[in-house]
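S.K.: Chains as they are written, first to last, in the numbering used here: chain P, -9 to 521; chain S, 104 to 318. No residue lacks a Cβ here, since even glycine has one placed at the ideal position from N, Cα and C. To start, I am sharing the structure in question, which I have written as structure tokens.
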Amino acid sequence: MSKGIPLAEALARYRPDTEIGPLPELTGIDALLNAHHPDHLRGSLVKLAVGANAGDSCQRELAGLLQAEAFIDEADLAGTPVTDVDVLVIGGGGAGCAAALAAAENGARVLLATKLRLGDSNTVMAEGGIQAAIEPDDSIQRHIQDTLRGGHHAGDPALVATLAGDGPEVLRWLISQGMQFEQTSSGDLHTRRAGGMSTARLVHCRDYTGLEMMRVLREAVIQHRSIEVLEQSPAVELLSNELGQKCVGAVLTSMLDGRLRIVRTRSVIMATGGLGRLHLNGFPTSNHLGATGDGLVLAYRIGARLCELDSFQYHPTGLLHPSHLAGKLVTEGVRAAGALLLNGLGQRFIDELQPRDVVSSAILRECKEGRGIRIDDQHAGVWLDTPRLERAQPGLLERQFPNLMSRTRVAGVDPRLEPLLVHPTLHYQNGGAVIDVNGATTVPGLYAVGEVAGGIHGRNRIMGNALLEIISFGRRAGATATADRDRGPKKVTLEHVNRLRRALTLAGLPMTQRAPQVLPDYATTGGAWNR
Amino acid sequence: MSLTTHEKDQPVALTINGLAVNAPAGMTLVEAAWHGGVPRVTGVGCLEGVCGSCRVMLRRGKEVAVGLACQTFVEDGIEVIFLPPASAPQHHYEISDFKDSWDIHARFHKIFPEASRCRHCHGCDKACPKGIAVEDGVAQAAAGRYREAGETFFECIMCELCDAACPELIAPAHVGLFSRRITAHFHLRPPNLINRLEELRQERTETCRNGDSEE
Chain P
-9 MSKGIPLAEA
1 LARYRPDTEI
11 GPLPELTGID
21 ALLNAHHPDH
31 LRGSLVKLAV
41 GANAGDSCQR
51 ELAGLLQAEA
61 FIDEADLAGT
71 PVTDVDVLVI
81 GGGGAGCAAA
91 LAAAENGARV
101 LLATKLRLGD
111 SNTVMAEGGI
121 QAAIEPDDSI
131 QRHIQDTLRG
141 GHHAGDPALV
151 ATLAGDGPEV
161 LRWLISQGMQ
171 FEQTSSGDLH
181 TRRAGGMSTA
191 RLVHCRDYTG
201 LEMMRVLREA
211 VIQHRSIEVL
221 EQSPAVELLS
231 NELGQKCVGA
241 VLTSMLDGRL
251 RIVRTRSVIM
261 ATGGLGRLHL
271 NGFPTSNHLG
281 ATGDGLVLAY
291 RIGARLCELD
301 SFQYHPTGLL
311 HPSHLAGKLV
321 TEGVRAAGAL
331 LLNGLGQRFI
341 DELQPRDVVS
351 SAILRECKEG
361 RGIRIDDQHA
371 GVWLDTPRLE
381 RAQPGLLERQ
391 FPNLMSRTRV
401 AGVDPRLEPL
411 LVHPTLHYQN
421 GGAVIDVNGA
431 TTVPGLYAVG
441 EVAGGIHGRN
451 RIMGNALLEI
461 ISFGRRAGAT
471 ATADRDRGPK
481 KVTLEHVNRL
491 RRALTLAGLP
501 MTQRAPQVLP
511 DYATTGGAWN
521 R
Chain S
104 MSLTTHEKDQ
114 PVALTINGLA
124 VNAPAGMTLV
134 EAAWHGGVPR
144 VTGVGCLEGV
154 CGSCRVMLRR
164 GKEVAVGLAC
174 QTFVEDGIEV
184 IFLPPASAPQ
194 HHYEISDFKD
204 SWDIHARFHK
214 IFPEASRCRH
224 CHGCDKACPK
234 GIAVEDGVAQ
244 AAAGRYREAG
254 ETFFECIMCE
264 LCDAACPELI
274 APAHVGLFSR
284 RITAHFHLRP
294 PNLINRLEEL
304 RQERTETCRN
314 GDSEE
């Protein structure tokens, strides 16, 4: 990418007080998405050859993992210690904690296994907020409509209605767990309007909404008498019954010593999150280190149907500078508060509060067509005009966005004085495992909640629906999984792995790659986890 | 490291977990550990200073400090040790056990008996990577000022480095979180949310009643 306006030149041209011309009219959203959204990059899609989605389109790098060889063989299971629990939750983010708490409240003995530290997840980094239709001029119906429209009408209306309908009750539950939210002077919950919303619906805790949620849920899980937590323990395979048709447990490993452990259970709740750390199509990511799509791989191998495997969210405002924060987010809340996007010529080029896929595509267009700000041969971006926002509303950044300020302060960058250089970053997996309104996948005994599940956000998630989804569906799955009164498995097998191996051989696919990924390659040098 | 100044590419020599590492200036300690192939660095998560996992002990000459590896940049001669994860907390409470807010202060001192024994050594203040006035926050909680204490701990990422630093085993991070949770649990009653919940409840009752009459 050698096109673009050199940084020094763009900086010299930039003034926080210049008059900005009118916004060019937005015509042909579909054409813009088709031409510039990374989902439509030529060569980035393939057809799956095996599994429940055989014949469906799938992003190329993800397809490689879904159709890969397993790590575990029957021989590995002999002599491996076995743990029996009622419900196994895989994943220690917001969805996993909500599911574990709901299962425990319903009387289950719960084991929560997580790859990293409990709470170390994308939830903790969520800044903007959580959606719930609580304002007098708003309604559950409008929340449903906005969500479906934002997702280009590809979402499942029943799931969306469930999500929106749960909103107010989810807030009440979070408050009862001890989560704080921003209030107005009269004590109402403060709401903002963000991209894709027809009215103000975003409830938040300054720009630390996810951190506030995660530390409360993490403490609640740690303190709960019926929940045991295993950290540094990624799942490397699920277990099935003799027919390979029901999920009856999982195989965990330890990042510290590599030892295996079998967990036998009535139900498994998959809450492993997304896959940003696969860096699809070479993009940077906002995601935490463990977001490698493990849950999708394991669910697919045991036969679960997935959806929208060709649709990912690239968040418009990932940081391009400072380099150690490359790909990390500037919350959409900054744009919701009024910050503009400017190209290297100092012009606005898109309504900043269009849905994320539209704004991202517009930024990519500016960069591709030479109006971006170039920092080196490979990288260009656009301005997020924070100094102008600060001039218009002095003190706002410090007051409402302490997280942004403290992250940039470490690197000596002050968003009040200089605009931030941003570029779209791989943020969210729109699709995932197909679920019903209680998080049940198409495989008996297996539930999926949070980012690993699909069907709610269609082909584009709007802000604030992820934090709502993880609690709404997390709690539903936890309660439903506990009510499963199956007396538990007699035998745990790897029948589903054998089935997939046969299918791979028949399809003539190589079995050289192994999955799940567990950690990105650059983070595995010399560790106990070394593929 | 503002946009206009150029990052130097000069390599910096440091040690991580006892291994010599050469890393370009401008790298964080996490990036340097990966760059240098340092084994068994498992406590890495968000890479932006909010998950509190990548806790490190830092030695610069005779001075010892703690911090977060993803928020600290390489320096010449610095010795870095990645710390093991914190052990499980020693105090126990479930928020659903609290029914009455009048006895909360007595219960706080039962759950955190150490909180009133602060010796003002400032160990926690020095350990905090977010610059929180930890000692003040603990004093506010011990005096029953939970709203204030919770506000003091607002930016706490639960890295628990203050817990490790406290000679009286106070667990300040958890004191702060307790203060925040109690405040929301007992005092956050937003009218707009309450009104909507009531509307939805009435709608449900109505649907149930209509459903009954149809049968």
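Quick one, which residues of the segment 251 to 285 of chain P are near chain S if we go by CB-CB under 8 Å, in chain order?
M.R.: His278, Leu279 and Gly280
S.K.: Which chain S residues are close to Met169 (chain P), counting only those with a beta carbon under 7 Å from its beta carbon?
M.R.: Ala287
S.K.: Give the straight-line distance between the Cα atoms of Gly234 (chain S) and His223 (chain S), rounded to the nearest whole angstrom.
M.R.: Spanning the two alpha carbons is a distance of roughly 16 Å.
S.K.: When you compare the CB positions of His486 (chain P) and Ile292 (chain P), do they come within less than 7 Å of one another, or not?
M.R.: yes
S.K.: Taking only beta-carbon positions, decide if His314 (chain P) is within less than 7 Å of chain S.
M.R.: yes
S.K.: How many angstroms separate the CA atom of Ala329 (chain P) from the CA atom of Pro294 (chain S)?
M.R.: Taking the Cα positions, Ala329 (chain P) is about 30 Å away from Pro294 (chain S).
S.K.: Is it true that the CB of Val439 (chain P) sits closer than 7 Å to the CB of Gly422 (chain P)?
M.R.: no
S.K.: DSSP puts Asn125 (chain S) in a beta bridge; with which residues?
M.R.: S:Ala116
S.K.: Measure the C-alpha to C-alpha separation of Ala139 (chain S) and Leu268 (chain P) and round it to an integer number of angstroms.
M.R.: The identity of residue 139 (chain S) in the sequence shown is Gly, whereas the question assumes Ala. Those two C-alpha atoms are separated by around 22 Å.
S.K.: I need the DSSP call for Val325 (chain S), collapsed to helix, strand or coil.
M.R.: Any answer about residue 325 (chain S) is impossible in this case: the structure gives chain S only from 104 up to 318.
S.K.: Taking only three categories from DSSP, how would you classify Met245 (chain P)?
M.R.: coil
S.K.: Flag this pair as yes or no: are the beta carbons of Ala242 (chain S) and Met261 (chain S) separated by less than 7 Å?
M.R.: no
S.K.: Looking at Gly97 (chain P) and Gln503 (chain P), is the spacing between their C-beta atoms short of 7 Å?
M.R.: no
S.K.: How close, in whole Å, do the beta carbons of Arg256 (chain P) and Asp110 (chain P) come, if the pair is a contact with beta carbons under 8 Å?
M.R.: Not confirmed; about 27 Å, so no contact.
S.K.: For Arg355 (chain P), collect the residues of the same chain with a Cβ closer than 6 Å to its Cβ; drop the 5 residues on either side in sequence, then sort them by chain order.
M.R.: Around Arg355 (chain P), the same chain offers His26 as residues with beta carbons nearer than 6 Å, after the five sequence neighbours per side are excluded.
S.K.: Out of S:Asp228, S:Arg283 and S:Lys213, state which residue places its alpha-carbon closest to the alpha-carbon of Val169 (chain S).
M.R.: S:Asp228
S.K.: Compare the C-alpha of Ile212 (chain P) against each of P:Asp76, P:Thr137 and P:Gly82 and name the closest.
M.R.: P:Gly82
S.K.: In three-state terms, what does DSSP make of Leu153 (chain P)?
M.R.: Leu153 (chain P): helix per DSSP, three-state reduction.
S.K.: Where Gly402 (chain P) and Leu386 (chain P) are concerned, what is the direct C-alpha to C-alpha distance, given to the nearest angstrom?
M.R.: 19 Å
S.K.: Which of the residues in the segment 102 to 118 of chain P, read from start to end, lie with their CB under 8 Å from any CB of chain S?
M.R.: Leu106, Arg107, Gly109, Asp110, Ser111, Val114 and Met115
S.K.: Do Gln303 (chain P) and Leu192 (chain P) have their CB atoms nearer than 7 Å?
M.R.: no
S.K.: Please list, in chain order, the chain S residues whose beta carbon lies closer than 9 Å to that of Ser166 (chain P).
M.R.: Going along chain S in sequence order, the residues near Ser166 (chain P) (Cβ under 9 Å) are Ile198, Ser199, Ala287 and His288.
S.K.: Within 10 Å of its beta-carbon, does Ser351 (chain P) have 16 or more other beta-carbons around it, so buried, or fewer, so exposed?
M.R.: buried
S.K.: Under the rule that 16 or more other beta-carbon atoms within 10 Å means buried, what is Leu509 (chain P), buried or exposed?
M.R.: buried
S.K.: Of the residues P:Leu374, P:His305, P:Ala289 and P:Tyr198, which one's Cα is nearest the Cα of Phe391 (chain P)?
M.R.: The shortest C-alpha separation from Phe391 (chain P) is found at P:Tyr198.
S.K.: Taking beta-carbon pairs under 9 Å, can you tell me which members of the segment 461 to 476 of chain P lie near chain S?
M.R.: Within the segment 461 to 476 of chain P, no residue has a Cβ that lies closer than 9 Å to any Cβ of chain S.
S.K.: Assign Pro306 (chain P) to buried or exposed, taking buried as 16 or more other Cβ atoms, counted over all protein chains shown, within 10 Å of its Cβ.
M.R.: buried
S.K.: State the Cα-Cα distance for the pair Gly177 (chain P) and Arg292 (chain S), rounded to the nearest angstrom.
M.R.: Their Cα atoms are separated by approximately 8 Å.
S.K.: Answer with yes or no whether the minimum CB distance from Val183 (chain S) to chain P is below 7 Å.
M.R.: no
S.K.: Would Pro274 (chain P) pass as a contact of Ala316 (chain P) if the rule is Cβ separation under 7 Å?
M.R.: yes
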